[in-house]
Structures are given as structure tokens and as C-alpha cells.
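**Q** Numbering (our numbering), first residue to last: 1104 to 1668.
#1: Give me, in chain order, the residues of the same chain whose beta-carbon lies closer than 8 Å to that of residue 1152; leave out the 5 immediate sequence neighbours on both sides.
#2: Can you say whether residue 1324 is buried or exposed, counting buried as having 16 or more other CB atoms within 10 angstroms of its CB?
#3: Could you tell me the distance, in whole angstroms, from the CA atom of residue 1454 to the CA atom of residue 1264?
#4: Quick check: the stretch 1517-1528 against the stretch 1397-1408, are there 3 or more CB pairs under 8 Å?
#5: Kindly provide the ranges of any beta strand (DSSP E) runs that are 3 or more residues long and lie completely inside the stretch 1422-1503, ordered along the chain.
#6: How big is the Cα-Cα spacing for residue 1467 and residue 1447?
#7: Nearest by alpha-carbon distance to residue 1414: which of 1139, 1595, 1349 is it?
#8: According to the Cβ coordinates, are residue 1564 and residue 1655 closer than 8 Å?
#9: Check each candidate in 1224, 1590, 1242 and name the one with the smallest Cα separation from residue 1251.
#10: Can you tell me which of the three DSSP states residue 1644 falls into?
#11: Secondary structure at residue 1182, three-state DSSP: helix, strand or coil?
#12: Where residue 1606 and residue 1638 are concerned, what is the direct C-alpha to C-alpha distance, given to the nearest angstrom?
#13: With three or more beta-carbon pairs closer than 8 Å as the criterion, would you say the stretch 1434-1447 touches the stretch 1478-1488?
#14: Assuming residue 1117 is part of the beta strand (DSSP E), what are its boundary residues?
#15: Less than 8 Å between the beta carbons of residue 1378 and residue 1438, yes or no?
#16: If I follow the unbroken alpha helix (DSSP H) through residue 1562, where does it start and stop?
#17: Is the separation between the beta-carbon of residue 1207 and that of residue 1158 shorter than 8 Å?
#18: DSSP state of residue 1273, grouped into three classes?
#19: Where does residue 1303 fall in DSSP's three states?
#20: Excluding five sequence neighbours on each side, which residues of the same chain lie with their C-beta closer than 6 Å to the C-beta of residue 1634?
#21: Can you tell me the Cβ-Cβ gap for residue 1409 and residue 1382, rounded? I've got them flagged as a contact below 8 Å.
#22: I need the DSSP call for residue 1586, collapsed to helix, strand or coil.
#23: To which residues of the same chain is residue 1133 closer than 8 Å at the C-beta, ignoring the five residues directly before and after it?
#24: Skipping 5 residues on each side, what residues in its chain have a beta carbon closer than 7 Å to that of residue 1590?
#25: Going by beta carbon distance, what residues of the same chain come within less than 6 Å of residue 1647, once the five residues before and after it are set aside?
#26: Cβ of residue 1471 within 8 Å of Cβ of residue 1193?
#27: Could you pull out every unbroken alpha helix (DSSP H) segment of at least 4 residues lying fully inside the stretch 1341-1372, listed in chain order?
#28: Have a look at residue 1545 and residue 1534 and give me their C-alpha separation to the nearest angstrom.
#29: Which residues mark the beginning and the end of the alpha helix (DSSP H) in which residue 1319 is found?
#30: What first and last residue would you give for the alpha helix (DSSP H) that runs through residue 1202?
#31: Could you check where the beta strand (DSSP E) with residue 1399 kicks off and where it finishes?
#32: In the DSSP assignment, find the unbroken beta strand (DSSP E) run with residue 1246 in it and report its ends.
#33: Taking 6 Å as the limit between beta carbons, can you name the residues of its chain near residue 1117, skipping five residues before and five after?
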């Protein structure tokens, strides 16, 4: 492995770009993106190492770690490639570049630079070569990327310097003790055995799945140890309890079965081999019980194929999130290859899945991700058995295709797409236009249209200052705007059997009863945004026409002018 390999420019074949522009992407298309990410990482790594060469440090110089890494790559290229392409490796490289440019914080810079020695140690262990490094220890811990974590019992607390040696796949780590002299641990990390009794070695966890017809098993990293598993900040390890790890395996296996379809690749269709790592976030045990939906998920363009997820109770929710976050990874890789838009980063655009104004890049990411989500629910609708499953899948398919098409229209009319960006967004538009012609159960379609109208109406009431505006770039925003809970997107997924609240009557298709109940709320609080949004949408359902369309287009005109930014 050298940074001089593959210097020829990357030229994406038209057929692969067309697959990705349609919102999907075959294994070949994703593999092309990964090769491009590899080249980018090598360039960034060489840039970083050039900045670290002169860094004062008590550790082994980075040049020695680079030498060991290259030696290991020559002997065992595949495992070293996996280390290079691991999502946390990309996160560390980008974080360190921000550190040396003064735009990020963290532990002492020399200690964070020492993570490269840990990467070289992992490579050496895989290849069976010999290496010796002075390395940073945190409370006696040394993380080995792609392998796990060594813990020295009785080690001195805080940040210290230890010594690590490898030979024939065996690792010995020595560090200062709390009381008497140094402490030492010897283990064989490639064996991946958990040293539960002594607690000196914690192996990397993986989520496994064996495909149909005896296909080779797929292993996806369940990353709870790497300090660079987060989107930016350095994190301490957060080891999952055994029960929580088993729950992740159970849910992942069910999610993969949900995603398995013997069909051509397309939007919303994900093979687990495309996912490189899942970072469990926010919980390490099975108690308290998780919510049925994914509360938080995120990904980063620096960590291709990685995704941070709060574990839900539902395999269906996890499967949807895997699709959503992989879409973000694919688009981020495309943005590294092509200038897709000219974004001034001004946050002024409506995104149907957000409560705040977005910039164009964020809107493009959302449109791409939710086109994939719409495809996911389209497949669920085709597979659904039973009235409840059909209604739920039909609702989310109808909602996400409608919302994504609205965002795509905003992008196409923004005047800020490049030639490649217009080709990409036009591909999404063709996919969504075809889906908009597909049948959905009428009641589910009606609820989806209502939920979409409610979200946009409430967004404008909470964000936009009443004033004439010809385009999103002319909008003026309220100084007092704040995040608000979007409770309706999931609440409208099913038809209430016995509606009681105004929203439930609207979801049940009874706009007259809903209007009366919204009016009761507004009698006491005339400008309450959620009730006012419901009243406007119910009114337009009952009295469609030009006046109704105007009220939906600019609902903020019903409010008194507010101070603007």
C-alpha cells in the first residue's frame, strides 16, 4: 500500500452514475465509490502525516508507523485495506486535519496523533510482522483499530505513555502502574477471544448474517470501542452489555431478512455487505426498553459505510435506517467526486422531514436519503400481508415519495446545480415521478397528503415572517423560531379506530369534526402553531379552491408580523 498507487483520474462509468442518480446503486457502483474513498483517504493521510512529522511528541514518530503499515500491507494486503477503509479511520484522519488547522478540539495533539501507531500495530498483528512503538495509554487502555482494546490492570490513571510490541500475531503492552513499577499484558488479538476473567482484552464485536443458499457470511462491525467512531469528537469506549449486544444481533438479523429481495438493485435495496460499521449510540444496556422507532441516527462523509444509530425495538425501523444512512454515505462519496451544486450555505429552504430551514447541501442529502426510504416502503408495500401492514407501508411510501419530489423540485428550480448535479437530481425526479403514478390504498394516500400538508404548514407558521416572497431565497425568518416536535408524521401512519383529538379526527378523514376541535383550541390560543396548522389544512379539505391554495402556500399571512432576523 503506497500513496503513489492509482494516480489515474477516477472516471465513473455512465451506467454506474445512472444507477446512483436513480437513487439506487448496484454492488459495482458502491465498490467504485469505495475505491474513490480509498484514494481520497490516502491523499488526506499523506497530507496529515506531512503536518505531523515535525510535531513534538514523546511517542514513536509517525514515519516509523507509516513504514510498519506499508510492510504489513505488502504481506497481508486485504486486512490492511479493511483497516484503511474502516469508517473510524476516515473519521480520525479528518478529525486530525481539523485539529492541525485549529478547527477542532480534543486530547493533546500528540496523543491523538498516536492513534496512527495503534493503526500500524493492528496491521502488524494481522500480517504477523514485528513492530515496537511508544504509544498513548488512557487509564491503561490501548485501542487497536479493527481488533479491539487492551486494558492493563493496575495501570496509572489518565494519559500516559506505554510501550507496545508485536511479533508473530502476539502483542505485549507495558505501561506505568498506579503503585509499584510497570504493568504488562500479553495477548493474541487476531484470535478475537474475549478475556472476560481478567478483563485485559476486549475484542471488536461484529454483527453477522449468512445469506440464502449458503452464501458466505457477512460481518458488519458493531463499533463500541473506537475513539473515532463518533462523527467528530474523540469518545471514550462505551462497551455494550452482553444482553444489549445480543439484541443488536437479533435485530440486525431480522432487518437483513426484511431487506433481502431477489431483485435488481434499486432505491431502498441494501445488501448488508455495503455497510462497514454500525455505532450503537446512547445506550449500553437493554434497560430501559427502547422506542419502536429510531430516535437518532447519523452518518458522516468522512466515514463511508458507517452509521451511528440509537437501537430501536423494531427490526423494521432498523432496516429503514440502514437504507437511509447508506444513502447519505453514497451521496457524500459522490460529492467528493463531483461538484454537484453551488451552495452559499444559507439555511433558507424547506425540508419536509426537518423542523428547521436547511441549506442546499442538506436539502440534497435529505432528498437522496428519503428517495431511498420511499423505495424501501415501496418494497414493503409489495410484500405486505394483512390490512394493517398494507396501510402502514402504503402511507410511508406515499408520504416519502411526495416529500422527496417536493425537495427535488426545489433543487431543480434553485439555479445552483452544476451539470452533474442537475443530472443527479433529474434522475431522482424520474424515479419519483414514476412512483407517483403507482397505486396506493386510498385511505393511506389521503393520510399521507394530509400529514405532508400539516408539516409544511406548521413549518411556515413557526419559521417564516409574514411578508410577500417570490422564492425561498426571499423568505425572512422569525428571530424566536425554535425546534418543535414533529408528532404527526408517525401518528398519521395508521387510521385511529376511535378518534378523540382533532388530529385523530383528521387522520380518520373527518375534517369537519377536526375543524371544530382545532377551533376550540384556537379560541384560547389564536396563534398556537400546531392547532392553527391543523385548522388550515382541515379548512382547505372542506373548502378547496384558490383561496385554500393560497392559505396553504402562505399560512403565515394569518399571523401578525413578527420581528425578523
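Just so it is clear, CB atoms sit at the ideal spot from N, CA and C, and this is done for glycine as well. Since this is a predicted model, take the numbers as computed values, not measurements.
**A** From the atom records:
#1: If we look at residue 1152 and ignore the five residues flanking it on each side, its Cβ neighbours are 1165, 1166, 1169, 1219.
#2: It is buried - the Cβ of residue 1324 has at least 16 other Cβ atoms within 10 Å.
#3: In a straight line, the C-alpha of residue 1454 is about 48 Å away from that of residue 1264.
#4: Verdict: no, contact absent.
#5: Restricting attention to beta strand (DSSP E) runs no shorter than 3 residues, the stretch 1422-1503 encloses none.
#6: Roughly 14 Å separates the two Cα atoms.
#7: Per the Cα distances, 1349.
#8: No. Outside cutoff.
#9: Among 1224, 1590, 1242, the Cα nearest to that of residue 1251 is on 1224.
#10: Reduced to three states, the DSSP call for residue 1644 is helix.
#11: Three-state DSSP puts residue 1182 in a helix.
#12: Each residue's alpha carbon lies about 10 Å from the other.
#13: The stretch 1434-1447 is not in contact with the stretch 1478-1488.
#14: In the DSSP assignment, residue 1117 falls outside any beta strand (DSSP E) and within the unbroken alpha helix (DSSP H) covering 1117-1124.
#15: For the pair residue 1378 and residue 1438, the CB atoms are not nearer than the 8 Å cut-off.
#16: First-last of the alpha helix (DSSP H) with residue 1562: 1545-1566.
#17: No, the pair does not count as a contact, with Cβ atoms beyond the cut-off.
#18: Residue 1273 carries a strand assignment under DSSP once its states are collapsed to helix, strand and coil.
#19: Residue state, collapsed to three classes: coil.
#20: Excluding residues within five positions, the ones whose Cβ falls inside 6 Å are 1621, 1624, 1625.
#21: Contact holds; Cβ gap of about 7 Å.
#22: Residue 1586 falls in the coil class under three-state DSSP.
#23: Counting only Cβ-Cβ distances below 8 Å, and skipping sequence neighbours, we find 1377, 1433.
#24: The answer is none, since no qualifying residue turns up.
#25: Same-chain partners within the cutoff: there are none.
#26: Between residue 1471 and residue 1193, the gap from beta carbon to beta carbon reaches 8 Å or more.
#27: DSSP runs (the alpha helix (DSSP H)) wholly in the stretch 1341-1372: 1345-1362.
#28: Taking the Cα positions, residue 1545 is about 21 Å away from residue 1534.
#29: For residue 1319, no alpha helix (DSSP H) encloses it, and the DSSP letter there is neither H nor E.
#30: Residues 1190-1203.
#31: Where residue 1399 is concerned, there is no enclosing beta strand (DSSP E), given that its DSSP letter is neither H nor E.
#32: Segment 1244-1247, the beta strand (DSSP E) holding residue 1246.
#33: So the list is empty, once near-sequence residues are dropped.
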